[in-house]
Amino acid sequence: AQSVAQPEDQVNVAEGNPLTVKCTYSVSGNPYLFWYVQYPNRGLQFLLKYITGDNLVKGSYGFEAEFNKSQTSFHLKKPSALVSDSALYFCAVRDEETGGFKTIFGAGTRLFVKA
Amino acid sequence: GAGVSQTPSNKVTEKGKYVELRCDPISGHTALYWYRQSLGQGPEFLIYFQGTGAADDSGLPNDRFFAVRPEGSVSTLKIQRTERGDSAVYLCASSSPTGTSGGVSTDTQYFGPGTRLTVL
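Going down the list, the sequences are from chains A and B.
In case it helps, this note's numbering puts the first sequence at residues 7 to 121.
In case it helps, this note's numbering puts the second sequence at residues 7 to 126.
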């Protein structure tokens, strides 16, 4: 069955330092991968997606993610963290076995950026 | 432009009651999704509409849950005989078709703020 794992419940980083939020996936077909961010009392906001092509995907707010097929990972990164990046981050996957439209989300990783 | 809106933002009901949750998608978006997010969890897929029809309702947990989208725009999620375990944030998302790749939608889903349902 398709699944997404976000192994860290929480990530702490100092402002100005690089950040990484980890995601691994398990699908039977080709994965289509997404990152969303959730701020308190707000809906999920799309950050970026990988469909095909370049393994390094650039998204909103300076975030990027690298698709690694051999490691089945899609880690979210940012070179220099801001306090305002503190939020809940979700990785998600879609593939043809889920019907092509159904999206499976991870449990989320809470990012704290300290000033 | 206006994003996805959901009403009410909060709903408190008693066990056994019937509730309706409404979603207004982004204008022109033909695809609409419902998810349920329990505390400390990621969104869990419930149902997907393409136009007026439910293309995939495999995530609905049981027959107490039902959703409609009669005119291909606004959707209503209906829960009968609510149980305490139904308490969660119900999220709606919409998307505009961008095609498929290998049978998988490449759409980006845009989410509403959610309805927090509390069943006492």
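Glycine is no exception: its CB is placed at the ideal position from the N, C-alpha and C atoms.
Since this is a predicted model, take the numbers as computed values, not measurements.
| Query | Result |
| --- | --- |
| Looking only at its chain, what residues have a beta carbon closer than 7 Å to the beta carbon of residue 45 of chain A, apart from the 5 residues adjacent to it on each side? | 93 |
| Taking only runs that begin and end inside the stretch 68 to 93 of chain A, name each unbroken alpha helix (DSSP H) of 4 or more residues, in chain order. | none |
| For residue 12 of chain A and residue 113 of chain A, which I take to be in contact (beta-carbon distance under 8 Å), what is that distance rounded to the nearest angstrom? | 6 Å |
| From the DSSP output, in three-state form, read off residue 65 of chain A for me. | coil |
| Measuring straight from C-alpha to C-alpha, what distance separates residue 50 of chain A and residue 86 of chain B? | 27 Å |
| Determine the closest residue to residue 59 of chain B out of B:65, B:79 and B:96, with distance taken between C-alpha atoms. | B:79 |
| Using a C-beta to C-beta distance shorter than 9 Å, which residues of chain A count as neighbours of residue 119 of chain B? | 47, 48 and 49 |
| Would you say residue 109 of chain A lies against chain B (beta-carbon separation less than 8 Å)? | yes |
| Determine the closest residue to residue 66 of chain A out of A:52, A:25, A:108 and A:57, with distance taken between C-alpha atoms. | A:52 |
| Along chain A, which residues have their Cβ under 7 Å away from the Cβ of residue 54 of chain B? | 107 and 108 |
| So, is the C-beta of residue 96 of chain A closer than 8 Å to a C-beta in chain B? | yes |
| Going along the chain, which residues of its own chain have a beta-carbon closer than 7 Å to the beta-carbon of residue 92 of chain B, five neighbours each way excluded? | 85, 123 and 125 |
| Between residue 90 of chain B and residue 23 of chain B, how many whole angstroms is the CB-CB distance? I'm expecting something under 8 Å. | Not quite, the Cβ-Cβ distance comes to about 12 Å (not below 8 Å), so this is no contact. |
| Taking the beta strand (DSSP E) that residue 85 of chain B belongs to, which residues open and close that run? | 81 to 85 |
| Is it true that the CB of residue 102 of chain A sits closer than 8 Å to the CB of residue 59 of chain A? | no |
| Measure from the C-beta of residue 67 of chain A to each C-beta in chain B and report whether the shortest distance is under 8 Å. | no |
| Could you spell out where the beta strand (DSSP E) holding residue 120 of chain A opens and where it closes? | 115 to 120 |
| Just to confirm, is the Cβ distance from residue 36 of chain B to residue 102 of chain B under 8 Å? | yes |
| Just confirm the distance between the C-beta atoms of residue 48 of chain A and residue 119 of chain B, as a whole number of angstroms; I'd bet it's less than 8 Å. | 6 Å |
| Is the stretch 60 to 69 of chain B touching the stretch 70 to 79 of chain A, taking contact as three or more C-beta pairs under 8 Å? | no |
| Restricting to Cα atoms, I'd like to know which of B:95, B:67, B:76 and B:100 is closest to residue 14 of chain B. | B:95 |
| Along chain A, in chain order, which residues have C-beta atoms closer than 7 Å to that of residue 100 of chain B? | What residue 100 of chain B touches in chain A: nothing, since even the nearest Cβ is about 11 Å away. |
| Note down, in chain order, each residue of its chain lying with its Cβ closer than 7 Å to the Cβ of residue 110 of chain A, except the 5 sequence neighbours on either side. | 8, 9, 10, 98, 99 and 104 |
| Tell me whether residue 76 of chain B is buried or exposed, calling it buried when 16 or more other Cβ atoms sit within 10 Å of its Cβ. | exposed |
| How big is the Cα-Cα spacing for residue 15 of chain A and residue 118 of chain A? | 11 Å |
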